[in-house]
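In the order they appear, the protein sequences are chains A and B. Going by the numbering used here, the letters in the first sequence line up with residues 1 to 309, in that order. Going by the numbering used here, the letters in the second sequence line up with residues 1001 to 1470, in that order. Inspection log for the structure reproduced underneath, given as structure tokens.
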Amino acid sequence: MREAAAIAGERLFTEFLDPVDMTGVFPAEMRLEEINRIAGEAGLRFPLVCAEGATLPEHVRVVDHAPASSRFGPYVDNILGMNWKLPSGRMVRIGERVVKTTTGYDLMRFLLHTGADLGRPTHFVLRLRPLGGETLRGEFTGDDEALRAVGATLCADSWNHWIDRIDLLAGERETVRLQVAVDCMCGEGERFEAYFGQVAERAGATFAKGPSLAETGLPFFSVKGLPGEAARTARRCVEALGGRARALLLTGSVLVYPDKEVKADWIRTLEEELEAIGGHLLGNVPGTRIGRDDEAQWIRQMEEQWKRL
Amino acid sequence: MKSGVAGVGWDPGCLEALVGRERLLCSPAQLAGYEADGLGCKRYRPEAVVIPGDVAALKEVVRELGKLEVPYVIRGAGTSLSGGPVAVEGGVVIHLSHLRAIESINVAERYAVVESGVVLADLEKAVGRHGLYYPPDPSTGTVCTLGGNVASNAGGVHCFRYGVTSHYVLGVEVILTDGRVVCFGGPGGGRGDWREDWKRLFIGSEGTLGVFTRFWLRLIPRPEKVWTFRATYRELEAASEAIRRLASHPAYPSAIELMDPPCVDMVENSPMRVGLPKGSFMLLTEIDGPPELVDGRVEAIAGILRECGSGDVVYSDEAGERERLWRARKVQGGLLGQISPDFIVQDAVIPKAYLGEVLTFIYREAEAEGIAVVTIMHAGDGNLHPDFMFDSRDPEQLEKVERLGKNLMRKVSEIGGTLSGEHGIGSDKSGYMKAHLGEVAEAMQMTVPGLFNESHQLNPRKVFPERRFR
């Protein structure tokens, strides 16, 4: 374990793991499997993983929610601070190492997914979570109506405060599947299994424990919209683009893994629908993030001023 | 009382046509209630208060004030503790008490659309009827408004597990200083048709970037059952160990609250006493969830509290008894007001490993200044609230309390903490920002109001002292 330290003067974050606050500072280029290996030695984990072999910058470029966001929220709520390299090369600290702050404007959350030319992170301060001691993973199977009922129950029930993922998978097999995962206290796995069994029975679906779930993987792009629309959006993406999609039912995010070319006009139609409800697209898609005329001036002004710092 | 510096060449009466006579307050007696917020000891009288009846009138008022070049400040219930919604440069206070509509609650998608003047407790009641829950719960919940909550990114006792206000804001509707009404985000919780996620900058901006009119707020299923635990400890080390073990336990308590011995003694020496051992640290914690799950966690939590050395662990899932367990924590704020003419509730977040060092520092500094202090803490988050008691009629005492605050903030910065966890910077702590952030980070921060409120006409001198309108 490395000791906590904050440098005076520029106050950059140095690498540490604080098991009391359950926070840690990690290089931006570190892969998540390495972060979780280090955190795991202290009984902690960083749960927002789509691809263990990828870094956090690779994640936040294409997703703002991971499957475990169902329980722990989006990346912006689990990254507390950053060392930030300005376009001039100068380093500066953004955010804090503590879990709560109202000190100044929230540049941390603004910058995490920015597309503007304002610099890049070199280190992240992560909020880590305790390892539960027991994990349970499983799948619901059934027809569309049954899985819709399962999803609706899981999303409306306070049990979901404790469930690490409630994901509907479209396109991978002939039938759609709904995956759940729980990281719980030792001895609680049976209670979750019983609960999932009851939910399945009421909905006319089947629940089976699975020893492992395939890695989520980094999507080509992701969608953030209304939770109730996520399953439909996932199916729609698969129909148009092939491949597969994962609907994070509680958060309204959809991770999309197409195997056909993503046409600009198709994606623009989807994006406009999302914009109308305050949602968005993130990732490797052509022609998106056009933005509004009035913000071009704001972005330009920020970029020009930060280049001079 | 400090007087405003505006008022040259403008007549507040010109706003009457926009809002009506009954919604324009100009007499000294009417303005007196708007001189201060919960900070209390620093008072600035505005030249006028306007209470727009709806968003359309509010928009007209913002446009008119823009033309008049008069500073203005937005105010909800005025419960801020940082000198936020006060007219430091004089001018106009816009009171949003009439924007109180809970416009809709979408149960299926789990979000609410509310106007910015809605009282937090009203939202809690309304969503509770649908089995839903809006977790941020600052102690002024029965009166504070959601506009103030979003502006200060309010927290509360249950944010250790559930998070703060920013975790629940899907979108904001804002009147910009040029009078345009824009939405950042919406029910989808993303950027909307903007290239960047501007709402992140507006949440917690302390009313310095625009005027909130409407929010889209995320709701979650209400936990069916709650267990409350109370324990006392003679030594801080034992209480700290209990906090550490609770915070890292997979039962994941929703709240972990600490009261220090002076605070416990204050309660026990009052008519509100609850029978806690004097000279002890009091720890409160809660777990919640479905009964099938949470009932099975009770012994684990009680076991931690006992193993750390408490001989008086009590716990309950019964509403009346739970209220009794919370009683000491809930009455302490009112007692402060009864036993001291004034008090300042400080707000800082520290790495929890430094709790002992920081409490010792607070006691030593307060004793040296001859100022009484009691401390409560959202211990799970490391969010410390030392309450310094004094008499603002004595300038020397006010000076001492300000010195205590300054020294505490310096200490907090040195150990890697932050100046505010949930109250905001306001005018009270703006002077410490440069030292905390450093020059480059401060310059980056100052670009934000430069985009939306370049002249600082809206809520001047808050967050950064350089934000002067005149």
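All C-beta atoms, glycine included, are put in the ideal place defined by N, C-alpha and C.
| Would you say A/A156 touches the ligand SAM, meaning its beta carbon is less than 6 Å from a heavy atom? | What this structure holds is no ligand at all, so the ligand SAM is not there to describe.
| task | Enumerate in chain order the residues of its own chain whose CB-to-CB distance from B/L1058 is below 6 Å, with the five nearest sequence positions on each side excluded. | result | As a working note, residue 1058 of chain B is residue 58 in the second sequence. For B/L1058, where only same-chain residues beyond five positions count, the Cβ hits under 6 Å are P1052.
| Beta-carbon neighbours of B/M1433, restricted to chain A and to distances below 8 Å | In the second sequence, counting from the first residue as 1, residue 1433 of chain B sits at position 433. Here the neighbours are T103, G104.
| request: Count the C-beta pairs between the segment 1083-1093 of chain B and the segment 1029-1036 of chain B that are closer than 8 Å, then say yes if the count reaches three, no if not. | output: yes
| Excluding five sequence neighbours on each side, which residues of the same chain lie with their C-beta closer than 7 Å to the C-beta of B/E1241? | The residue labelled residue 1241 of chain B in the question sits at position 241 within the second sequence. Cβ neighbours of B/E1241 beyond the five flanking positions: C1308.
| So which residues on chain A does B/C1159 lean against when the C-beta distance must stay under 8 Å? | In the second sequence, residue 1159 of chain B corresponds to position 159, counting from 1. Here the neighbours are K100.
| query | Is B/S1280 helix, strand or coil by DSSP? | reply | Start at 1 with the first residue of the second sequence, and residue 1280 of chain B comes out as number 280. Coil.
| task | Determine the closest residue to A/F124 out of A/A66, A/I79, A/A200, with distance taken between C-alpha atoms. | result | By one-based count along the first sequence, residue 124 of chain A stands at place 124. Closest by alpha carbon: A/I79.
| task | Could you pull out every residue in the same chain whose Cβ sits closer than 7 Å to the Cβ of A/K307, ignoring the five residues on either side in sequence? | result | Along the first sequence, one-based indexing puts residue 307 of chain A at 307. Same-chain partners within the cutoff: P87, S88.
| query | By Cβ distance below 8 Å, which residues in the same chain neighbour B/E1466 in space, the five residues on each side in sequence not counted? | reply | Walking along the second sequence from the start, residue 1466 of chain B turns up at place 466. Same-chain partners within the cutoff: M1446.
| What residues in the segment 214-230 of chain A have a beta carbon less than 7 Å from any beta carbon of chain B? | K224, G225, L226, P227, G228
| query | Which first and last residues belong to the beta strand (DSSP E) in which B/H1385 is found? | reply | Numbered from its first residue, the second sequence carries residue 1385 of chain B at position 385. That run of the beta strand (DSSP E) goes 1383-1390.
| request: Can you give me the start and stop residues for the alpha helix (DSSP H) that A/V60 sits inside? | output: As a first step, residue 60 of chain A must be located in the first sequence, where it is residue number 60. Run containing A/V60: 56-62, per the alpha helix (DSSP H) assignment.
| Can you list the beta strand (DSSP E) stretches of 3 or more residues lying completely in the segment 1137-1209 of chain B, in chain order? | 1169-1175, 1181-1185
| said: For the beta strand (DSSP E) containing A/K167, name the first residue and the last one. | reply: Sequence index remark: in the first sequence, residue 167 of chain A carries index 167 (1-based). The sequence shown places Asp at residue 167 of chain A, not Lys. Here the beta strand (DSSP E) through A/D167 covers 165-170.
| query | Quick one: which chain B residues come within Cβ less than 7 Å of A/I277? | reply | Within the first sequence, the letter at position 277 stands for residue 277 of chain A. Under the 7 Å cutoff, chain B gives G1186, P1187, G1188.
| task | Return no unless some Cβ of chain A is closer than 7 Å to the Cβ of B/T1177. | result | For the purposes of this step, residue 1177 of chain B is taken as residue 177 along the second sequence, with counting starting at 1. Chain A contact via Cβ: absent.
| field | Euclidean distance between Cα positions of B/E1299 and B/D1288 | value | Walking along the second sequence from the start, residue 1299 of chain B turns up at place 299. Walking along the second sequence from the start, residue 1288 of chain B turns up at place 288. Each residue's alpha carbon lies about 14 Å from the other.
| If we count Cβ pairs, one from each stretch, closer than 8 Å, do we get three or more for the segment 1278-1286 of chain B versus the segment 1192-1200 of chain B? | no
| task | Could you tell me the distance, in whole angstroms, from the CA atom of B/R1329 to the CA atom of B/M1259? | result | One-based indexing of the second sequence puts residue 1329 of chain B at position 329. One-based indexing of the second sequence puts residue 1259 of chain B at position 259. Approximately 7 Å, taken between the alpha carbons.
| task | Could you run through the segment 49-63 of chain A and flag, in chain order, every residue whose CB is less than 7 Å away from some CB of chain B? | result | none
| Neighbour-count burial assignment, A/C155, 16 or more Cβ in a 10 Å radius | By 1-based counting over the first sequence, the position of residue 155 of chain A is 155. Classification of A/C155: buried, given that the 10 Å Cβ count is 16 or more.
| query | Would a check of beta-carbon distances place A/H280 closer than 7 Å to chain C? | reply | No chain C appears in this structure, whose protein chains are A and B.
| said: Is it buried or exposed, B/K1067, if we count other Cβ atoms within 10 angstroms and call 16 or more buried? | reply: Along the second sequence, read from residue 1 onward, the residue named residue 1067 of chain B stands at position 67. When all chains shown are included, B/K1067 counts as exposed.
| request: Under 7 Å between beta-carbons, which chain B residues line up against A/E201? List them in chain order, please. | output: As a first step, residue 201 of chain A is located in the first sequence; it is residue number 201 there, counting from the start. Correct list: empty, because the minimum Cβ distance to chain B is about 16 Å.
| field | Delimiting residues of the alpha helix (DSSP H) encompassing A/T233 | value | Along the first sequence, read from residue 1 onward, the residue named residue 233 of chain A stands at position 233. Where A/T233 is concerned, the enclosing alpha helix (DSSP H) stretches over 230-241.
| request: Determine the closest residue to B/G1438 out of A/E261, A/I94, A/P19, A/V223, with distance taken between C-alpha atoms. | output: Along the second sequence, one-based indexing puts residue 1438 of chain B at 438. Nearest option by C-alpha distance: A/I94.
| Leaving out the 5 sequence neighbours to the left and right, which residues in its chain are closer than 8 Å to B/H1423 when beta-carbon positions are compared? | Numbered from 1 along the second sequence, position 423 holds the residue referred to as residue 1423 of chain B. Here the set comprises S1080, L1081, S1082, S1152, V1345, D1347.
| query | Going by alpha carbons, who is nearest to B/K1462 out of A/D294, A/T102, A/V256? | reply | To locate residue 1462 of chain B, count along the second sequence from 1; it is residue 462. Minimum Cα distance to B/K1462 is reached at A/T102.
| Straight-line gap, A/F196 to A/D183 (C-alpha atoms, nearest Å) | Within the first sequence, the letter at position 196 stands for residue 196 of chain A. Within the first sequence, the letter at position 183 stands for residue 183 of chain A. Near 14 Å, if we compare the C-alpha coordinates of A/D183 and A/F196.
| query | Exposed or buried, what is B/V1143 when buried is set at 16 or more other beta-carbons lying within 10 Å of its beta-carbon? | reply | For the purposes of this step, residue 1143 of chain B is identified with residue 143 of the second sequence, where counting begins at 1. Classification for B/V1143: exposed.
| Between A/A6 and chain B, is there a C-beta pair that is closer than 7 Å? | As a first step, residue 6 of chain A must be located in the first sequence, where it is residue number 6. The predicted position of A/A6 is uncertain, since its pLDDT is 41 and thus under 50; a value taken from the coordinates is nonetheless stated next. Cβ-Cβ to chain B under 7 Å: yes for A/A6.
| said: Does any residue of chain A have a CB that is nearer than 7 Å to the CB of B/N1153? | reply: Along the second sequence, read from residue 1 onward, the residue named residue 1153 of chain B stands at position 153. For B/N1153, the answer is yes, since a Cβ of chain A falls inside 7 Å of its Cβ.
| said: Check whether chain B comes within 7 Å of A/T233, counting only Cβ atoms and requiring the distance to be less than that. | reply: By one-based count along the first sequence, residue 233 of chain A stands at place 233. Not one chain B Cβ lies under 7 Å of A/T233.
| request: Buried or exposed for A/W162, please, with buried defined as at least 16 other CB atoms from any protein chain shown within 10 angstroms of its CB. | output: Working through the first sequence from its first residue, we reach residue 162 of chain A at position 162. A/W162 is buried by the Cβ-count criterion.
| Taking just the CA atoms, how far does B/P1277 sit from B/F1212? | Indexing the second sequence from 1 puts residue 1212 of chain B at position 212. Indexing the second sequence from 1 puts residue 1277 of chain B at position 277. Each residue's Cα considered, the two are about 46 Å apart.
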